[in-house]
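What follows is a short report on a single structure.
Structure (structure tokens):
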């Protein structure tokens, strides 16, 4: 009997213990769901980031066995996870750390326990951190006494957005059951943060939208202000015209000034009222193309006076539809000035033509004078050239007279008489040739272009200047190329140019010296170079050496026109003349001529 009672007591105690454990478990579940409900009610409609973070940490700290609790959120770049809220059991309330704060703590993702959870999205339960070196921070035990740790991820749609980190100074303070129960809390937190993120996005979008609206409103006000200022202060008349109905919608003050009408006179009127029927076709074309310009259009003012205007048409799209802007500029005064300018220009052209003809005549006279000056300079040589044959003629003539007077006719030697007469004729022809050459050189004549042997012209000119060369003891050396083709040019003009250059070269040689003449042919040009070993030309005189009336000769020995005339003549021959010189080293004048010349009317020279 007693044994039976003892067994019943044991069975009763077993059921009582089971009931107590069951009741304890039930109470834990009730507490668990109470925490979840509290967190859900606290954060479901909460859209304050700080409040959500602080309340989450406070509830976990108050309702669980953790000693310390911290909330971490992944920063937007995804490289770090930052501490945003934390509390210990002895703290009155959780501390909040705003993003960007100077004292905020951040951990690189995959470092420490919280970084590892952020990287993997898996929870981590460490019963004793002293035995798990991987997730412990050196020196952390000196600040916070931590032995056991539980870290849970907070997951959003795009991945891990944060983590809840709980610690306790005792080892084994957290269990798998705690991990399971607290995962419901992190799920609630994830929903709260999702709502918060959506709200912040909407709020940020609204702020940006409001900012854009403000900016656009400000721009529109500024644009309208500029438009009004442009309309009022524009120097040209401006009309705003309805593109479809051709009605004038607006006219600025300058338009009223141009036309003489009042604003109410033009408002609503057809554009043809102001500009006439003739504007229709041009205006329609401008509307079709979106842009147009109508030049020198006659506009009749209200007074009946006609002015001339340039009209620019621009199509502009507005909220009210397509509008045509007409910018009208009064050009009446400009046209009058242009007419006067045209008359003045024609008068100037007439004067220029007259002066040009006078200059041509003067230039011809200068060239003629230059020729005569060259003849004068060669006078002694010419006299010598004529005296030689004249002496021969006189000698033979005297001999014939003697024989005729002293010798009887039957003793005449006919062959000797005929030979003497032939010699007289040849020498007379020689005199005629010299005088003809001088006359041809001196007379005013038209340009005659023919195929000219350059080397032959050089020999002819050297022959002219040979007597002065003997007087100055100047030796003339020719280094003439044999392959020079003939050149289409005027031989007399070329002779005058070369003669002037030879005479100048001789003047540059003080006692005795030499002049070297070379010719060359390259592509389509022939080059003649005359080089002397005289005193040379100073560097400061080279730029003006070809200017009219420039001379370095003693007064009375030169006019300063020689080289200037050479330049004009060489231009007529479509060639060019250049000089190279150094003081004390002589000078080289080069004449370049084209093989063929362009057509040019023959003119007196």
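Residue numbers (the UniProt record's numbering): 1 to 605. For each residue, glycine too, the CB sits at the ideal point set by N, CA and C.
Indicate the three-state DSSP secondary structure (helix, strand or coil) for residue i in the structure shown.
{"i": "residue 304", "result": "coil"}
{"i": "residue 521", "result": "strand"}
{"i": "residue 295", "result": "strand"}
{"i": "residue 169", "result": "coil"}
{"i": "residue 205", "result": "helix"}
{"i": "residue 156", "result": "strand"}
{"i": "residue 122", "result": "coil"}
{"i": "residue 190", "result": "helix"}
{"i": "residue 546", "result": "coil"}
{"i": "residue 249", "result": "strand"}
{"i": "residue 455", "result": "helix"}
{"i": "residue 109", "result": "coil"}
{"i": "residue 145", "result": "coil"}
{"i": "residue 97", "result": "coil"}
{"i": "residue 57", "result": "helix"}
{"i": "residue 161", "result": "strand"}
{"i": "residue 508", "result": "helix"}
{"i": "residue 466", "result": "helix"}
{"i": "residue 80", "result": "strand"}
{"i": "residue 621", "result": "Residue 621 falls outside the range modelled here, since the chain spans only 1 to 605, and no answer is possible."}
{"i": "residue 473", "result": "coil"}
{"i": "residue 199", "result": "helix"}
{"i": "residue 150", "result": "strand"}
{"i": "residue 238", "result": "strand"}
{"i": "residue 63", "result": "helix"}
{"i": "residue 243", "result": "coil"}
{"i": "residue 538", "result": "coil"}
{"i": "residue 613", "result": "This structure cannot speak to residue 613, because the chain is shown only from 1 to 605."}
Based on DSSP bridge pairs, tell me the residues matched to residue i.
{"i": "residue 128", "result": "According to DSSP, which records beta bridges pairwise, residue 128 is partnered with nothing at all."}
{"i": "residue 116", "result": "Paired residues: none, contrary to the question."}
{"i": "residue 594", "result": "525"}
{"i": "residue 69", "result": "87, 166"}
{"i": "residue 315", "result": "324"}
{"i": "residue 330", "result": "309"}
{"i": "residue 478", "result": "517"}
{"i": "residue 576", "result": "592"}
Could you tell me the alpha carbon to alpha carbon distance between residue i and residue j, rounded to whole angstroms?
{"i": "residue 300", "j": "residue 278", "result": "12 Å"}
{"i": "residue 196", "j": "residue 49", "result": "7 Å"}
{"i": "residue 151", "j": "residue 56", "result": "14 Å"}
{"i": "residue 255", "j": "residue 328", "result": "8 Å"}
{"i": "residue 556", "j": "residue 464", "result": "In this prediction, residue 556 scores a pLDDT of 47, lower than 50, which makes its location untrustworthy; the coordinate-derived value is nonetheless stated afterwards. Between residue 556 and residue 464, the C-alpha separation is close to 23 Å."}
{"i": "residue 524", "j": "residue 596", "result": "8 Å"}
{"i": "residue 513", "j": "residue 543", "result": "26 Å"}
{"i": "residue 80", "j": "residue 63", "result": "29 Å"}
{"i": "residue 284", "j": "residue 291", "result": "10 Å"}
{"i": "residue 190", "j": "residue 316", "result": "54 Å"}
{"i": "residue 237", "j": "residue 213", "result": "34 Å"}
{"i": "residue 91", "j": "residue 149", "result": "19 Å"}
{"i": "residue 139", "j": "residue 132", "result": "In this prediction, residue 139 scores a pLDDT of 46, lower than 50, which makes its location untrustworthy; the coordinate-derived value is nonetheless stated afterwards. Going by the C-alpha atoms only, they are around 14 Å apart."}
{"i": "residue 627", "j": "residue 126", "result": "The question about residue 627 has no answer, for the chain in this structure spans 1 to 605."}
{"i": "residue 450", "j": "residue 491", "result": "8 Å"}
{"i": "residue 608", "j": "residue 294", "result": "Beyond the ends of the chain as shown, which are 1 and 605, falls residue 608; an answer cannot be given."}
{"i": "residue 326", "j": "residue 347", "result": "38 Å"}
{"i": "residue 246", "j": "residue 276", "result": "12 Å"}
{"i": "residue 274", "j": "residue 314", "result": "18 Å"}
{"i": "residue 458", "j": "residue 357", "result": "33 Å"}
So, is residue i buried or exposed, given that buried needs 16 or more other C-beta atoms within 10 angstroms?
{"i": "residue 288", "result": "exposed"}
{"i": "residue 153", "result": "buried"}
{"i": "residue 509", "result": "buried"}
{"i": "residue 67", "result": "buried"}
{"i": "residue 115", "result": "buried"}
{"i": "residue 606", "result": "The chain is shown only over 1 to 605; residue 606 falls outside these bounds and no answer can be derived."}
{"i": "residue 159", "result": "exposed"}
{"i": "residue 586", "result": "buried"}
{"i": "residue 496", "result": "buried"}
{"i": "residue 216", "result": "exposed"}
{"i": "residue 534", "result": "buried"}
{"i": "residue 522", "result": "exposed"}
{"i": "residue 84", "result": "buried"}
{"i": "residue 483", "result": "exposed"}
{"i": "residue 564", "result": "buried"}
With contact counted as at least three CB pairs below 8 Å, one residue from each stretch, are the stretch 349 to 360 and the stretch 245 to 265 in contact? no
Could you check whether the stretch 178 to 185 touches the stretch 204 to 218, counting it as contact only if at least three pairs of C-beta atoms, one from each stretch, sit closer than 8 Å? no
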